[in-house]
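K.L.:
When we follow my numbering, the leftmost residue of the sequence shown carries the number 5, and every step to the right adds one.
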Amino acid sequence: MSVRVGLVSFAHVHSPAYAAVLRDLDAADFVGITDEDTGRGAEAAELFGVRFFDSAGSLFDEVDAVVVCSENKNHARDVIPALQGGVHVLCEKPISTTIEDARAMIEASETSGSQLRTAFPVRYLPSIVRARELVRGGALGRILALNGTNHGQIPGGWFLDPELAGGGAVMDHTVHLADVLRWMLDVDVKSVYAEIDSFFGEGGTDDAAILTLELEGGFVADGAFATIDPSWSRGDGYPTWGDVTLRIAGTSSVLDVDPFAQPMRTFDHETGTPSWSYVGEDMNALMLADFLRGVTEGKPSGASGLDGLRTLEVVLAAYRSGEENEPQVVERTEPRS
Numbered sequence: 005m006s007v008r009v010g011l012v013s014f015a016h017v018h019s020p021a022y023a024a025v026l027r028d029l030d031a032a033d034f035v036g037i038t039d040e041d042t043g044r045g046a047e048a049a050e051l052f053g054v055r056f057f058d059s060a061g062s063l064f065d066e067v068d069a070v071v072v073c074s075e076n077k078n079h080a081r082d083v084i085p086a087l088q089g090g091v092h093v094l095c096e097k098p099i100s101t102t103i104e105d106a107r108a109m110i111e112a113s114e115t116s117g118s119q120l121r122t123a124f125p126v127r128y129l130p131s132i133v134r135a136r137e138l139v140r141g142g143a144l145g146r147i148l149a150l151n152g153t154n155h156g157q158i159p160g161g162w163f164l165d166p167e168l169a170g171g172g173a174v175m176d177h178t179v180h181l182a183d184v185l186r187w188m189l190d191v192d193v194k195s196v197y198a199e200i201d202s203f204f205g206e207g208g209t210d211d212a213a214i215l216t217l218e219l220e221g222g223f224v225a226d227g228a229f230a231t232i233d234p235s236w237s238r239g240d241g242y243p244t245w246g247d248v249t250l251r252i253a254g255t256s257s258v259l260d261v262d263p264f265a266q267p268m269r270t271f272d273h274e275t276g277t278p279s280w281s282y283v284g285e286d287m288n289a290l291m292l293a294d295f296l297r298g299v300t301e302g303k304p305s306g307a308s309g310l311d312g313l314r315t316l317e318v319v320l321a322a323y324r325s326g327e328e329n330e331p332q333v334v335e336r337t338e339p340r341s
């Protein structure tokens, strides 16, 4: 049985990849696309061979589920009506730019019974899954410290508008690493110390940072911490978009994880430009298939709305730390319902 699914907004850079997966997945009946930028949305719909809907409401009437890829600030605007209309939602990360919006989205899911999931595809990379199994099986002993990176290129466009994006690289990439740490180690982030700046672009928003997270609970030892780098530090001359890496130090052993170190390297003699094409598992396809399976079976799977909220809390603590130049306690809140 296939799930009738739509895509809300082509604003996010991940939208084309999601649309390609939805077009090709047997579990998906890709119905159409809606976008407040009608030109952009209509062009995308034509490219992927689906209908363009001139309003979100008209799309919601025709589908069982949607993937929301609007600007970060607009997630609640697009997610809540879908949930209230009985449509299941996979929301692009970060879940929102404010705690109140995230809580309202979770509340709408709980009161409507519609599923709300957060798009954290890094969870699905096979090496990340295997690392979680090793950690939880005790192969590394108690975890003492971790180092993680999620480097990338400066995405441009609305990502550089703090009003629409809610922040820069820290908002964009910290959530991936924070989610993996929480999911892999069954931990909470107790506090954050952050050094945040703008080095690589034209200013206006942060593009470089180092964060130190104090961890508690789960599979970590007392005093365990993680240092993460979410910077947009990959220039145009770099052969690939960026990375996700983890080094996990335990009392028994150390584990290095580099999920995207599976490239085909191409060297173009005419342009002199090297490129790396990733040939491993498609994390977006794995995530979307899992989301649709959860819709079909009525058993939500993957990162929840609450998981999205918890990572947003880490990000906001990091920004407070950057402003105050001292560690900040992560203020954990509960959904309103």
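For each residue, glycine too, the CB sits at the ideal point set by N, CA and C.
Are three or more beta carbon pairs between the region 127–134 and the region 203–218 nearer than 8 angstroms?
P.N.:
No contact exists between the region 127–134 and the region 203–218.
K.L.:
For F124, count neighbouring Cβ atoms within 10 angstroms of its own Cβ and tell me buried if that reaches 16, exposed if not.
P.N.:
Against the sequence shown, residue 124 aligns to sequence position 120. Buried, by the Cβ-count rule.
K.L.:
Quick one: measure Cβ to Cβ for T178 and I232, integer angstroms, because I've assumed they're closer than 8 angstroms.
P.N.:
In the sequence shown, counting from the first residue as 1, residue 178 sits at position 174. In the sequence shown, counting from the first residue as 1, residue 232 sits at position 228. At roughly 7 angstroms, the Cβ-Cβ gap stays under 8 angstroms, so T178 and I232 are in contact.
K.L.:
Would A86 and F64 qualify as a contact pair, given that the criterion is a beta-carbon distance under 8 angstroms?
P.N.:
Here the question's residue 86 lines up with position 82 in the sequence shown. Here the question's residue 64 lines up with position 60 in the sequence shown. Their beta carbons are under 8 angstroms apart, which means A86 touches F64 by this criterion.
K.L.:
Taking the straight line between their C-alpha atoms, what separation do you get for E199 and F34?
P.N.:
As a first step, residue 199 is located in the sequence shown; it is residue number 195 there, counting from the start. As a first step, residue 34 is located in the sequence shown; it is residue number 30 there, counting from the start. E199 and F34: Cα-Cα distance of roughly 43 angstroms.
K.L.:
In the DSSP assignment, the alpha helix (DSSP H) including E218 goes from what residue to what residue?
P.N.:
Start at 1 with the first residue of the sequence shown, and residue 218 comes out as number 214. From DSSP, E218 is part of no alpha helix (DSSP H) but of the beta strand (DSSP E) over 212–220.
K.L.:
Return no unless some Cβ of chain C is closer than 8 angstroms to the Cβ of F57.
P.N.:
Here there is only one protein chain, and chain C is not present.
K.L.:
Work out the CA separation of M109 and K303 for me, nearest whole Å.
P.N.:
If you number the sequence shown from 1, residue 303 lands on position 299. If you number the sequence shown from 1, residue 109 lands on position 105. Between K303 and M109, the C-alpha separation is close to 19 angstroms.
K.L.:
To the nearest angstrom, how far is it from the Cα of E40 to the Cα of G160?
P.N.:
Locating residue 40 in the sequence shown gives position 36, counting from the first residue. Locating residue 160 in the sequence shown gives position 156, counting from the first residue. Computed Cα separation, rounded: 20 angstroms.
K.L.:
Is L144 closer than 8 angstroms to A230 when the C-beta atoms are compared?
P.N.:
Translated into the one-based positions of the sequence shown, residue 230 becomes position 226. Translated into the one-based positions of the sequence shown, residue 144 becomes position 140. Cβ atoms of A230 and L144: not closer than 8 angstroms.
K.L.:
Please classify V91 as buried or exposed, where buried requires at least 16 other C-beta atoms within 10 Å of its C-beta.
P.N.:
Taking the sequence shown and counting its residues from 1, one reaches residue 91 at position 87. The residue is buried, with at least 16 neighbouring Cβ atoms inside 10 Å.
K.L.:
Can A321 and V196 be called in contact, C-beta distance under 8 angstroms?
P.N.:
Here residue 321 corresponds to residue number 317 of the sequence shown, with the count starting at 1. Here residue 196 corresponds to residue number 192 of the sequence shown, with the count starting at 1. It is a contact, given that the beta carbons lie within the stated cut-off.
K.L.:
Is the region 183–192 touching the region 264–279 in the sense that three or more CB pairs, one from each, lie closer than 8 angstroms?
P.N.:
No, they do not touch.
K.L.:
Leaving out the 5 sequence neighbours to the left and right, which residues in its chain are closer than 6 angstroms to G312 when beta-carbon positions are compared?
P.N.:
For this step, residue 312 is matched to residue 308 along the sequence shown. Result list for G312: I99, T122, in chain order.
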